[in-house]
Amino acid sequence: MTTLPLTGATGAALDRLEQLCDLERWAEALELSRPLVDAAPEDDTLWCVLARCYLGLAQPGPALEAARRAVALTPDHEWPHRLVSYAATVLGRHDLAVQAARESVRLEPELWQTHARLAGAAGQHPDGSQEAAAASRRALTLAPYEPEVQLVHGAVAAKQGRRQEAERAYRAALELDPQNATAHHLLATLKLRRRTGPSGLARAATGFATALGTDPTAQISRTGLELTLRLFLTRAAYFLFATGYLGLLFAGRPEPAARLVPVLLMALPLLFIAGFVRALGPPLRRYLGRLLRRGGIAVAVLLGASSVALVLAAAVAPQPIRLALAILAAVTAFAARLGLYLRIRRLGRVSG
Amino acid sequence: MSEDLLDSLRTAVEAAPDDLALRMHLARMLSEAGESAEAIRHAAAVLQRDPGHDGALELISRRAAPDAIFAPPDLIAPRADRVPAVPSGAPTAGGAAGVSDDEVLRRLDSEFAGVVPPMFLESDYRDDDYDDVDFGSETVVGFAPEHTNLTLADVAGMDEVKARLEAAVLAPIRNPELVQLYGKSLRGGLLLYGPPGCGKTFIARALAGELDARLLSISLADVLGMYTGQSERNLRAIFEVARHNAPCVIFLDEIDALGQKRTQMRSSASRGTVNQLLTEMDGLDCDNEGVYVLGATNHPWDVDVALRRPGRFDRMVLVLPPDEKARDAVLRFCLRDRPIAAVDTRALARLTSGYSGADLAFVCESAAERALLDSVRTGRPRMIEMYDLEAAVKDSHPSIGAWLQTARNVAEFANADGSYDDLLAYLRSRKLA
Numbered sequence: 000m001t002t003l004p005l006t007g008a009t010g011a012a013l014d015r016l017e018q019l020c021d022l023e024r025w026a027e028a029l030e031l032s033r034p035l036v037d038a039a040p041e042d043d044t045l046w047c048v049l050a051r052c053y054l055g056l057a058q059p060g061p062a063l064e065a066a067r068r069a070v071a072l073t074p075d076h077e078w079p080h081r082l083v084s085y086a087a088t089v090l091g092r093h094d095l096a097v098q099a100a101r102e103s104v105r106l107e108p109e110l111w112q113t114h115a116r117l118a119g120a121a122g123q124h125p126d127g128s129q130e131a132a133a134a135s136r137r138a139l140t141l142a143p144y145e146p147e148v149q150l151v152h153g154a155v156a157a158k159q160g161r162r163q164e165a166e167r168a169y170r171a172a173l174e175l176d177p178q179n180a181t182a183h184h185l186l187a188t189l190k191l192r193r194r195t196g197p198s199g200l201a202r203a204a205t206g207f208a209t210a211l212g213t214d215p216t217a218q219i220s221r222t223g224l225e226l227t228l229r230l231f232l233t234r235a236a237y238f239l240f241a242t243g244y245l246g247l248l249f250a251g252r253p254e255p256a257a258r259l260v261p262v263l264l265m266a267l268p269l270l271f272i273a274g275f276v277r278a279l280g281p282p283l284r285r286y287l288g289r290l291l292r293r294g295g296i297a298v299a300v301l302l303g304a305s306s307v308a309l310v311l312a313a314a315v316a317p318q319p320i321r322l323a324l325a326i327l328a329a330v331t332a333f334a335a336r337l338g339l340y341l342r343i344r345r346l347g348r349v350s351g
Numbered sequence: 000m001s002e003d004l005l006d007s008l009r010t011a012v013e014a015a016p017d018d019l020a021l022r023m024h025l026a027r028m029l030s031e032a033g034e035s036a037e038a039i040r041h042a043a044a045v046l047q048r049d050p051g052h053d054g055a056l057e058l059i060s061r062r063a064a065p066d067a068i069f070a071p072p073d074l075i076a077p078r079a080d081r082v083p084a085v086p087s088g089a090p091t092a093g094g095a096a097g098v099s100d101d102e103v104l105r106r107l108d109s110e111f112a113g114v115v116p117p118m119f120l121e122s123d124y125r126d127d128d129y130d131d132v133d134f135g136s137e138t139v140v141g142f143a144p145e146h147t148n149l150t151l152a153d154v155a156g157m158d159e160v161k162a163r164l165e166a167a168v169l170a171p172i173r174n175p176e177l178v179q180l181y182g183k184s185l186r187g188g189l190l191l192y193g194p195p196g197c198g199k200t201f202i203a204r205a206l207a208g209e210l211d212a213r214l215l216s217i218s219l220a221d222v223l224g225m226y227t228g229q230s231e232r233n234l235r236a237i238f239e240v241a242r243h244n245a246p247c248v249i250f251l252d253e254i255d256a257l258g259q260k261r262t263q264m265r266s267s268a269s270r271g272t273v274n275q276l277l278t279e280m281d282g283l284d285c286d287n288e289g290v291y292v293l294g295a296t297n298h299p300w301d302v303d304v305a306l307r308r309p310g311r312f313d314r315m316v317l318v319l320p321p322d323e324k325a326r327d328a329v330l331r332f333c334l335r336d337r338p339i340a341a342v343d344t345r346a347l348a349r350l351t352s353g354y355s356g357a358d359l360a361f362v363c364e365s366a367a368e369r370a371l372l373d374s375v376r377t378g379r380p381r382m383i384e385m386y387d388l389e390a391a392v393k394d395s396h397p398s399i400g401a402w403l404q405t406a407r408n409v410a411e412f413a414n415a416d417g418s419y420d421d422l423l424a425y426l427r428s429r430k431l432a
């Protein structure tokens, strides 16, 4: 692994470094590794640890430099190549990333990490989809028990439109590690991308919420959750608007059967809303409740509910006031839609 | 000192204003000749070109002292390690043998009453003694327990936290008969959690003082060993020391690092540390009577669930950013060794809702920096005024925003057992959830 035998002190420091990296105390690990690298610049392991610390601190530039120093010292060791590949991917240098990952595969063809890295690197490359698929399948063959491998395989499959395969991989990752926040997030994203009904949307929201509960630092899952709820509100609002409009068309007819049509039509969006809410877990239901009670959205929801009531009233009201109710219903529905649109736009800005 | 020589040097400096060595030489000679004002002006000119110039900083700190009424250690450079040289006979804010800081300040106040504005504008309430308050200090102890004279009375404000500590820890420990009567166990530890820089360490020290117990303050660096297995041995040694020194409070700072979720770990060494901590807290092989374990963390959600089970860290107390009264105390503490005039800390405390102790310290640093730069620009040292602090507040923001975002996710979606109800209530009170 190393070009020089480690002295006792360096070996001991590496034990401590390993623990610090394990605890993701990257700054402390970096502080410890820098003088060690200065003292033993011929030690490729220390350069690799340094690169790892920089990656942990989201500094891919210095990470790439450190990893390249390690490659220069021991070009026949796969780890430095893998670190170069990772840093290059973060930097958007996909050619270099794929090239370094290929080299690591060449050096250690039986190591799942090398194939997983190649899948990750090629997956980001504009022309790398075939290579990514092959690499992820090879990694899966070598280590089907590794959640990380399942996630890489799922991500590659999802990117290539093989959603069922991706879902299977994410579910396998969750079976191996039920607390895996990334798997929860990716599965929820997959559900959100499908054109699903209310229960599918609710499952996506639940997935994001579970990911957040498992890893509360994952703000990307918060964004996913906000996005899902926005999608639900927008769909519900459009649904109400469209059925309200159709209902009003029927509301003007004198036949008793035609008067029932608006009632039936208005039941559709209400069923959509009920289906979504029913599929949510209690924490999310409470969260949605709080969201709907917030200033602008509360007004929009109130207007939306009023428009439903007005449409229904117009359907059963006698002719002289029917038109007035219908106009009022149209105005409130429009105001609700506009209010919701403005509020959701703001929500979007807040959640990024 | 020859006036001719000084004139020659002045001429030379005029000819080469950017020659800092020459200018500093002139400043030193002027200083020795008693021409303090001109010496300071030249030193300030040097600082304008080289803000970190040690010689200029030292000269200003030496010479500015009489003009500035008392030696302001932070006026020149807000660095804890810089000890200004004070000419003999010059009044100092502290450090005189046998005379307390308070005594010096009182003497100065009476000596210069009416000459300079008072340091603080007194507001409605006033706690008598903030001097023992040590919000900023971090205890660094090896495995040697220390005595602390702090008590919860030294913690300004934060009444809710104190009440919870009283109920969760102090009342049972002070009433062992009642505890026995009701069959309650005294086992278990207490986990203090909250945003960074809000005084968890200080509260832990105060709690140890309140229990009249020794304190073993332990951080990750104290435990992590260089060799495999050494961390476990260190933990064992810590608990051994505590047992020998009972009553003793073990304060485990950053418990999320020492007791991180084992599922997040890849290294067996790290997992071994958590396992050892569990063993020691359970006290299976030995008696933990009189050993109280306090943990503090910014990320309780990263703590291994096994550590949160009954008998371990089964009680959690949320330590929030300081309330108004506590902020007032922190501000007074941070400003007490600085040259200030007519500062209304209570008004500042009202302006700084949501600021952590560390944020308040930063505000004071920024205000000092403003006054320092102003002094350098004008060549005349001046006091830190209220407007400096207000401007510093305006330019700063509470640093706990990121923590609150994460905390919000936990309180809303990982609170099935109600552990974070108080956090959720706080977030709702601030309309964050």
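Residue numbers (numbering that gives the first Met the number 0), protein chains in the order written: chain A, 0 to 351; chain B, 0 to 432. For every residue, glycine included, the Cβ atom is placed at its ideal position computed from N, Cα and C.
By the 10 Å Cβ neighbour count, where 16 or more other Cβ atoms means buried, how is Arg-349 of chain B classified, buried or exposed?
Mapped onto the second sequence, residue 349 of chain B falls at position 350. It is exposed - the Cβ of Arg-349 of chain B has fewer than 16 other Cβ atoms within 10 Å.
Could you tell me which chain B residues have their CB closer than 9 Å to the CB of Ala-28 of chain A, listed as they occur along the chain?
Position 29 of the first sequence, counting from 1, holds the residue named residue 28 of chain A. Neighbours of Ala-28 of chain A in chain B, taken as residues whose beta carbon is under 9 Å from its own, are absent, since the nearest beta carbon is some 11 Å off.
Cβ shell of Ala-131 of chain A (< 7 Å), same chain only, five flanking positions each side left out
Along the first sequence, read from residue 1 onward, the residue named residue 131 of chain A stands at position 132. Answer for Ala-131 of chain A: Ala-118, Ala-121, Gly-122, Val-155, listed in chain order.
Cβ closer than 7 Å: which chain A residues qualify as neighbours of Asn-408 of chain B?
Taking the second sequence and counting its residues from 1, the one referred to as residue 408 of chain B is at position 409. Going along chain A in sequence order, the residues near Asn-408 of chain B (Cβ under 7 Å) are Leu-211, Pro-215, Arg-221.
By the criterion of Cβ-Cβ separation under 9 Å, what are the contact partners of Tyr-169 of chain A in chain B?
Looking up residue 169 of chain A in the first sequence gives position 170. Residues of chain B passing the Cβ test: none, with the nearest at roughly 18 Å.
Take every Cβ of the region 246 to 255 of chain B, pair it with every Cβ of the region 278 to 296 of chain B, and state whether three or more of those distances are shorter than 8 Å.
yes
Kindly indicate the opening and closing residues of the beta strand (DSSP E) around Gly-294 of chain B.
Locating residue 294 of chain B in the second sequence gives position 295, counting from the first residue. That run of the beta strand (DSSP E) goes 290 to 296.
Going along the chain, which residues of its own chain have a beta-carbon closer than 7 Å to the beta-carbon of Glu-77 of chain A, five neighbours each way excluded?
In the first sequence, counting from the first residue as 1, residue 77 of chain A sits at position 78. Here the set comprises Ser-103, Leu-106, Glu-107, Leu-110, Thr-113.
Are the region 222 to 235 of chain B and the region 185 to 203 of chain B touching, with three or more C-beta to C-beta distances below 8 Å?
No, they do not touch.
Would Phe-412 of chain B count as contacting chain A if we go by Cβ distances under 8 Å?
Taking the first residue of the second sequence as 1, we reach residue 412 of chain B at position 413. With a threshold of 8 Å between beta carbons, Phe-412 of chain B makes contact with chain A.
Whole-angstrom C-beta distance between Ala-299 of chain A and Arg-342 of chain A, which should lie under 8 Å:
Counted from its first residue, the first sequence places residue 342 of chain A at position 343. Counted from its first residue, the first sequence places residue 299 of chain A at position 300. 6 Å between Cβ atoms; contact.
Verify the CB distance criterion: does Gln-18 of chain A have a CB-CB separation below 8 Å to chain B?
The residue labelled residue 18 of chain A in the question sits at position 19 within the first sequence. Using a Cβ-Cβ cut-off of 8 Å, Gln-18 of chain A counts as an interface residue toward chain B, since at least one Cβ of chain B sits closer than that to its own.
Within chain A, the residues that Ala-256 of chain B reaches when beta carbons sit closer than 8 Å
What you label residue 256 of chain B is simply residue 257 of the second sequence in a count that begins at 1. Near Ala-256 of chain B (Cβ distances below 8 Å), the residues of chain A are Leu-22, Arg-24.
Val-316 of chain B bridges to which residues according to DSSP?
As a working note, residue 316 of chain B is residue 317 in the second sequence. The partner list for Val-316 of chain B (beta bridge, DSSP) reads B:Leu-191.
What is the DSSP secondary structure of Ser-418 of chain B, reduced to helix, strand or coil?
The count along the second sequence starts at 1 and reaches residue 418 of chain B at position 419. Residue state, collapsed to three classes: coil.
Out of curiosity, what's the CA-to-CA distance linking Cys-47 of chain A and Arg-68 of chain A?
For the purposes of this step, residue 47 of chain A is identified with residue 48 of the first sequence, where counting begins at 1. For the purposes of this step, residue 68 of chain A is identified with residue 69 of the first sequence, where counting begins at 1. About 9 Å.
Between the CA atoms of Leu-164 of chain B and Lys-324 of chain B - distance to the nearest angstrom:
Your numbering for residue 324 of chain B matches position 325 in the second sequence. Your numbering for residue 164 of chain B matches position 165 in the second sequence. If you take the alpha carbons of Lys-324 of chain B and Leu-164 of chain B, they lie about 19 Å apart.
In three-state terms, what does DSSP make of Asp-252 of chain B?
Start at 1 with the first residue of the second sequence, and residue 252 of chain B comes out as number 253. If DSSP states are grouped into helix, strand and coil, Asp-252 of chain B belongs with the strands.
Taking 7 Å as the line, does the beta carbon of Pro-197 of chain A fall inside it for any heavy atom of the ligand SAH?
Looking at this structure, you won't find the ligand SAH or any other ligand, since it has none at all.
Just checking: is the beta-carbon of Pro-34 of chain A within a distance shorter than 8 Å of some beta-carbon in chain B?
If you number the first sequence from 1, residue 34 of chain A lands on position 35. For Pro-34 of chain A, the answer is no, since every Cβ of chain B falls outside 8 Å of its Cβ.
Take the Cβ of Ser-7 of chain B as the centre, count every other Cβ of all protein chains shown within 10 Å, and call the residue buried at 16 or more, exposed below.
As a first step, residue 7 of chain B is located in the second sequence; it is residue number 8 there, counting from the start. Exposed: under 16 other Cβ atoms inside 10 Å.
Any beta-carbon of chain B closer than 8 Å to the one on Val-148 of chain A?
By one-based count along the first sequence, residue 148 of chain A stands at place 149. Taking Cβ atoms only, chain B never reaches closer than 8 Å to Val-148 of chain A, which makes this a no.
Could you name the residues of chain A that Thr-405 of chain B contacts, counting a contact when the two beta carbons are closer than 7 Å?
For the purposes of this step, residue 405 of chain B is taken as residue 406 along the second sequence, with counting starting at 1. Ordered by position in chain A, the residues that pass the 7 Å Cβ test against Thr-405 of chain B are Pro-215, Thr-216.
Partner residues on chain A for Ile-259 of chain B, Cβ-Cβ distance less than 7 Å
Sequence index remark: in the second sequence, residue 259 of chain B carries index 260 (1-based). Inspection of the sequence shows that residue 259 of chain B is occupied by Gln rather than by Ile. Chain order gives the chain A residues near Gln-259 of chain B as Leu-22, where near means a beta carbon separation below 7 Å.
Taking three-plus beta-carbon pairs below 8 Å as touching, is the region 197 to 205 of chain A in contact with the region 166 to 175 of chain A?
no
Given that Thr-262 of chain B touches chain A, what residues does it touch there, using C-beta distances under 8 Å?
Walking along the second sequence from the start, residue 262 of chain B turns up at place 263. Asp-176, Gln-178, listed in chain order.
Can Val-36 of chain A and Leu-49 of chain A be called in contact, C-beta distance under 8 Å?
Start at 1 with the first residue of the first sequence, and residue 36 of chain A comes out as number 37. Start at 1 with the first residue of the first sequence, and residue 49 of chain A comes out as number 50. Yes, the Cβ-Cβ distance between Val-36 of chain A and Leu-49 of chain A is below 8 Å.
For Gly-433 of chain B, which of B:Arg-307, B:Asp-322, B:Val-12 has the nearest alpha-carbon?
This structure cannot speak to residue 433 of chain B, because chain B is shown only from 0 to 432.
Tell me whether Gln-18 of chain A sits in a helix, a strand or coil according to DSSP, three-state version.
On the first sequence, position 19 is the one that residue 18 of chain A refers to. It is helical.
For Arg-429 of chain B, name the three-state secondary structure that DSSP assigns.
As a first step, residue 429 of chain B must be located in the second sequence, where it is residue number 430. In this structure, Arg-429 of chain B counts as coil in the three-state DSSP scheme.
Whole angstroms is fine: what's the gap from Arg-193 of chain A's alpha carbon to Gly-417 of chain B's?
Walking along the first sequence from the start, residue 193 of chain A turns up at place 194. Walking along the second sequence from the start, residue 417 of chain B turns up at place 418. Roughly 34 Å between the two C-alpha positions.
Reference Asn-297 of chain B; option with closest CA among B:Leu-317, B:Ala-305, B:Met-280:
Start at 1 with the first residue of the second sequence, and residue 297 of chain B comes out as number 298. Of B:Leu-317, B:Ala-305, B:Met-280, the residue nearest in Cα terms is B:Leu-317.
Would you mind telling me which residues of chain A sit closer than 7 Å to Trp-300 of chain B, beta carbon to beta carbon, in chain order?
Looking up residue 300 of chain B in the second sequence gives position 301. From the beta-carbon of Trp-300 of chain B, the residues of chain A found nearer than 7 Å are Pro-215.
For Gly-224 of chain B, which residues from the same chain have a beta carbon less than 6 Å from its beta carbon, with the 5 sequence-adjacent residues on both sides left out?
Numbered from 1 along the second sequence, position 225 holds the residue referred to as residue 224 of chain B. Same-chain partners within the cutoff: Ser-230, Asn-233.
By DSSP, does Glu-164 of chain A sit in helix, in strand, or in coil?
What you label residue 164 of chain A is simply residue 165 of the first sequence in a count that begins at 1. Per DSSP, reduced to three states, the secondary structure at Glu-164 of chain A is helical.
Tell me the DSSP secondary structure of Gln-178 of chain A in three-state form.
If you number the first sequence from 1, residue 178 of chain A lands on position 179. Three-state result, Gln-178 of chain A: coil.
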